[in-house]
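Engineer: In this note's numbering, the protein residues as written are 343 to 677.
Every residue, glycine too, gets a C-beta built ideally from N, C-alpha and C.
If you're wondering where the values come from, they're calculated on a predicted model, not measured in any experiment.
#1: Could you tell me the alpha carbon to alpha carbon distance between residue 413 and residue 547, rounded to whole angstroms?
#2: Name, in chain order, the residues that DSSP records as bridge partners for residue 609.
#3: Using beta-carbon positions only, say whether residue 424 and residue 455 come within less than 7 Å of one another.
#4: Between residue 458 and residue 552, is the Cβ-Cβ spacing less than 7 Å?
#5: Is residue 412 helix, strand or coil by DSSP?
#6: For residue 395, which three-state DSSP category applies?
#7: Measure the alpha-carbon distance for residue 476 versus residue 610 and round it to whole angstroms.
#8: Quick check on DSSP: helix, strand or coil for residue 661?
#9: Taking only the alpha-carbon atoms, compute the straight-line gap between residue 619 and residue 397 and give it to the nearest angstrom.
#10: Are the segment 597 to 610 and the segment 475 to 490 touching, with three or more C-beta to C-beta distances below 8 Å?
#11: Roughly how many angstroms lie between the CA atoms of residue 506 and residue 392, to the nearest whole one?
#12: Work out the CA separation of residue 557 and residue 626 for me, nearest whole Å.
#13: Secondary structure at residue 404, three-state DSSP: helix, strand or coil?
#14: Does DSSP classify residue 493 as helix, strand or coil?
#15: Does the distance from the C-beta atom of residue 578 to that of residue 604 stay below 7 Å?
#16: Going straight from the alpha carbon of residue 584 to that of residue 385, what length do you get?
#17: First and last residue of the alpha helix (DSSP H) that includes residue 376?
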């Protein structure tokens, strides 16, 4: 084998028409690649319909030629990750399987987002396209069902930009539409009232950044997490700004938010157009923005589907079942 992996991996036919042998140089990495009790190999077998038989530092792959080739690419990708010191879990294996549907998985590492706490690698071709779009455009819309990584990947990009000094602050926002008029009647100060609606943003932030840096950023104002209504009247310069759950922003709110964009800033707007909680008759600002803006230069739109879901496999089946019943576009029926 030639190229970058040539010194690490060598492939050879074993003489049988339906077998492919993949040889690894460093046996110490194979425990990480294969998983505990070979669970990663079992997952690849299940998804691709191949048989994988470890033989010392070699693996025999049997099955159809296209699936053998995909399994080889997956194992190469996992071996490369292990050689770089990365842990490998079932999600990484699933992501590598998705990546081989259209391209070699090594490209995922090229699009990886690296923060002080972790390296976030795209687990599907659309996730990779999303990261690339964020890197090239000042405004990116990411839409699709829950569990596709829309917000998580955007937060990881923001954290990486802040750590490298490319921006001065991170601003994370979402509509607190669920609270409605009742927000003033909730106990506590303003922060205590709105924090439950912003908790997913905190969770993503703490997952990609060390806790002490998050706490310091929140205290110093370099990280701000606030309801959408708090954005009015501001100009956001040298910032990475994320609006989550944007399908619940009204048209005036969306226009207000988008026009906050200042010099040296970029925005990512995420949402699921099928999960609108606005009152009937109120148009989603996300729907309107997608209709008006996605052909404007400097703006990109990446649409995720249930195939990109990176949570539990059951989430994919749940989303597909609902899409089959209600359709993949438009708001769901309200009770």
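Structural biologist: Reading it off the structure:
#1: The residue you call residue 413 lines up with position 71 of the chain shown. The residue you call residue 547 lines up with position 205 of the chain shown. Cα to Cα, the separation comes out at about 34 Å.
#2: Here the question's residue 609 lines up with position 267 in the chain shown. Residue 609 pairs with 481, 583.
#3: Here the question's residue 424 lines up with position 82 in the chain shown. Here the question's residue 455 lines up with position 113 in the chain shown. Not in contact: residue 424 and residue 455 (Cβ atoms no closer than 7 Å).
#4: Position 116 of the chain shown, counted from the first residue, corresponds to residue 458. Position 210 of the chain shown, counted from the first residue, corresponds to residue 552. A contact, by the Cβ cut-off of 7 Å.
#5: One-based indexing of the chain shown puts residue 412 at position 70. Here residue 412 sits in helix by DSSP.
#6: Taking the first residue of the chain shown as 1, we reach residue 395 at position 53. DSSP places residue 395 in strand when its eight states are reduced to three.
#7: For this step, residue 476 is matched to residue 134 along the chain shown. For this step, residue 610 is matched to residue 268 along the chain shown. In a straight line, the C-alpha of residue 476 is about 8 Å away from that of residue 610.
#8: Residue mapping note: residue 661 aligns to position 319 of the chain shown, counting from 1. Correct three-state label for residue 661: helix.
#9: Sequence index remark: in the chain shown, residue 619 carries index 277 (1-based). Sequence index remark: in the chain shown, residue 397 carries index 55 (1-based). Going by the C-alpha atoms only, they are around 55 Å apart.
#10: yes
#11: Locating residue 506 in the chain shown gives position 164, counting from the first residue. Locating residue 392 in the chain shown gives position 50, counting from the first residue. Using only the alpha carbons, I get a separation of about 43 Å.
#12: Here residue 626 refers to the residue found at position 284 when the chain shown is read from its first residue. Here residue 557 refers to the residue found at position 215 when the chain shown is read from its first residue. The C-alpha of residue 557 is placed about 33 Å away from the C-alpha of residue 626.
#13: Taking the first residue of the chain shown as 1, we reach residue 404 at position 62. The answer is strand: DSSP assigns residue 404 an E or B state.
#14: For the purposes of this step, residue 493 is identified with residue 151 of the chain shown, where counting begins at 1. Residue 493: helix per DSSP, three-state reduction.
#15: Residue numbering aside, residue 578 sits at position 236 when the chain shown is read from its first letter. Residue numbering aside, residue 604 sits at position 262 when the chain shown is read from its first letter. Contact: yes.
#16: Here residue 584 refers to the residue found at position 242 of the chain shown. Here residue 385 refers to the residue found at position 43 of the chain shown. Distance between the alpha carbons of residue 584 and residue 385: 35 Å.
#17: Start at 1 with the first residue of the chain shown, and residue 376 comes out as number 34. Run containing residue 376: 372 to 376, per the alpha helix (DSSP H) assignment.
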